[in-house]
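Position one of the sequence shown corresponds to residue 412 (our numbering), numbered consecutively onward. We put the beta carbon where it would ideally sit given N, CA and C, even for glycine. Take a look at the structure below.
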Amino acid sequence: MTTQAPRLIRSTRLLDAVENRIRSEFDAPPPPDHALSTAELLELAHAYQPFAVLVTHTSPLKGADVAALPESVKLVATVSVGLDHLDVPALLARNIAVSNTPDVLTDCNADLAIMLILAASRRAAEYYTLMKAGWGRALGMGEMLGHRVSGKRLGIVGMGRIGQAVAKRARGFDMSILYHNRRRLDAAEEAGATYFEKLEDMLPHCDILTLHMPGSPTAPPLINAHTLGLLPRGSVLVNAARGSLIDEDALIEALRSGQLFAAGLDVFHNEPNPNPALLALPNLFMTPHVGSATVETRTAMGMLALDNVGALAAGKPLPSGVSA
C-alpha cells in the first residue's frame, strides 16, 4: 500500500474534469499534446517510472510492448470497455493489473445505435448530401423514400448491457425485440423479447439487425454473405460494436444489390481509414467510432480509470478490474 500520490502517465489528454483530478490527486507529468504512439508511451514510462499507465486504443500494448513496460507499472487502466488493444494475459502474467470502463458508456452507445438505425432507415446520408448540394427542387411523392422504424422487428445480436439498453429504447418505437445471445436472459432482463439460440434462425425475422457483441480480429466475421442472405431483402444492418464482426466485401455487395436497404456503421475494419468502396455507397450512414463521444461519458470513463488507480494504490479491490 502506497502513502504517496500514485504516479501515473496517460497516452492522451483527457477531459478537463479528469485532468483536474489528476493534478490534485496523482503524481503525473503534464498531459501529452498528441495521442502517444506505443513507442512514445513506453519511452515516457521508462523516464517517469509510473505506478499506473492510462491508455486508449491508440496506444496498444501487446507482446513485446508488455515485456518492455518498466517494473514500476502495477496497473494498465484502459479508458474504454474494449480490450482489443491490450494483451491481457501477458499483462496479468507480469502481475500487472488491468482495468477497463464498463457501464458508464452503456447509454451513449445505445443512443448512437438508435441514431444509426434511424439514419439508415430514413436515408439521412442521402438527404444530407442533397441539402449540402443546395437541394434546388421539390421531391416527388415516391422519390427518396425511407422506411419507418416504428413497429419493425429489431434483431439484437449480443444482449448484454448495451443490447438491453438498445431494446429499451426500441420499445419506445413499438418495435418487436428479437435477440441472439450466448445465454438466454431471465424473464426480467428479457422483458418480453424473443430469444433465438441460433443466429441463423433469427435472421429471417429481422427487419433491422443491430450488433452489440465483442469482436476478434482472428475470428471469422459473424456477418458474411451467408448470414446477410438470410435477412429479408431490404432489411437494415447496424454495427456500433466492432468492425471485425462484418465481412465488408459482403456488406458492400449486399448494399449494392438491394439485399440490404441501408446500413449504419460506427466501426470499420481499417480505422481511421475505412475502405473507399464503403465511403462511396449512398445508402450507408457512417460515424467515426464515436459511440462514447459525449462530454458526460468520456468524463465518466476517465474518472472510473482513476478510481481504479486509486483503489489499487490503496490496496483495495479494483472497481472494474479485468480477470484472465
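Where does Thr708 sit, in a helix, a strand or coil, going by DSSP?
helix
Do the CB positions of His680 and Ser655 come within less than 8 Å of each other?
yes
Buried versus exposed, by CB contacts within 10 Å (16 or more), Asn431:
exposed
Exposure label - Met555; buried when at least 16 CB within 10 Å:
exposed
By DSSP, does Gly474 sit in helix, in strand, or in coil?
coil
Proximal residues to Asp585 (C-beta, below 6 Å), its chain only, five neighbours per side dropped:
Ser561 and Gly562
Neighbour-count burial assignment, Gly721, 16 or more Cβ in a 10 Å radius
buried
Thinking C-beta only, is Asn686 closer than 8 Å to Glu659?
yes
Beta carbon of Leu527, beta carbon of Gly669: below 8 Å?
no
Taking 8 Å as the threshold (C-beta atoms), are Leu641 and Leu614 in contact?
yes
Cβ-Cβ distance between Asp718 and His700 below 8 Å
no
Given 8 Å, three or more beta-carbon pairs between the region 422 to 429 and the region 704 to 717
yes
Expressed to the nearest angstrom, what Euclidean distance is found between the alpha-carbon atoms of Ala450 and Val492?
23 Å
Would Ala652 pass as a contact of Gly626 if the rule is Cβ separation under 8 Å?
yes
Please state whether DSSP places Ile634 in a helix, a strand or coil.
strand
What are the residues that DSSP puts in a beta bridge with Asp438?
Arg418
Residues bridged to Arg653 (per DSSP)
Beta-bridge pairing links Arg653 to no other residue.
The region 590 to 606 touching the region 535 to 551, judged by at least three CB pairs closer than 8 Å
no
Could you say which of Asn635, Ile657, Ala578 and Ala724 lies nearest to Asp518 if we only look at CA atoms?
Ala578
Contact set for Leu523: own chain, Cβ-Cβ below 8 Å, skip 5 residues either direction:
Ala651, Asp677, Thr698, Val701 and Gly702
Considering just the uninterrupted stretch of the beta strand (DSSP E) at Leu565, what are its terminal residues?
Arg564 to Val568
Which parts of the region 663 to 720 are runs of the beta strand (DSSP E), unbroken and 3 residues or longer, counting only runs that do not cross its ends?
671 to 676 and 695 to 697
Is there a Cβ of chain B sitting closer than 8 Å to that of Trp546, yes or no?
Given the protein chain composition of this structure (a single chain), no chain B is represented.
Contacts around Leu671, its chain only, beta-carbon distance under 8 Å, and the 5 residues preceding and following it disregarded
Leu639, Leu642, Gly645, Ser646, Val647, Leu648, Leu662, Ala665 and Asn694
6 Å CB neighbourhood of Ser587 in its chain, flanking five on each side removed
Arg564
Reference Arg421, options Gly574, Leu516 and Met714, closest by Cα
Met714
Those residues which DSSP pairs with Ser510 across a bridge:
Ala488 and Gly732
Sequence-distant residues of the same chain with beta carbon closer than 6 Å to Ala439, five excluded per side:
Leu419 and Ile433
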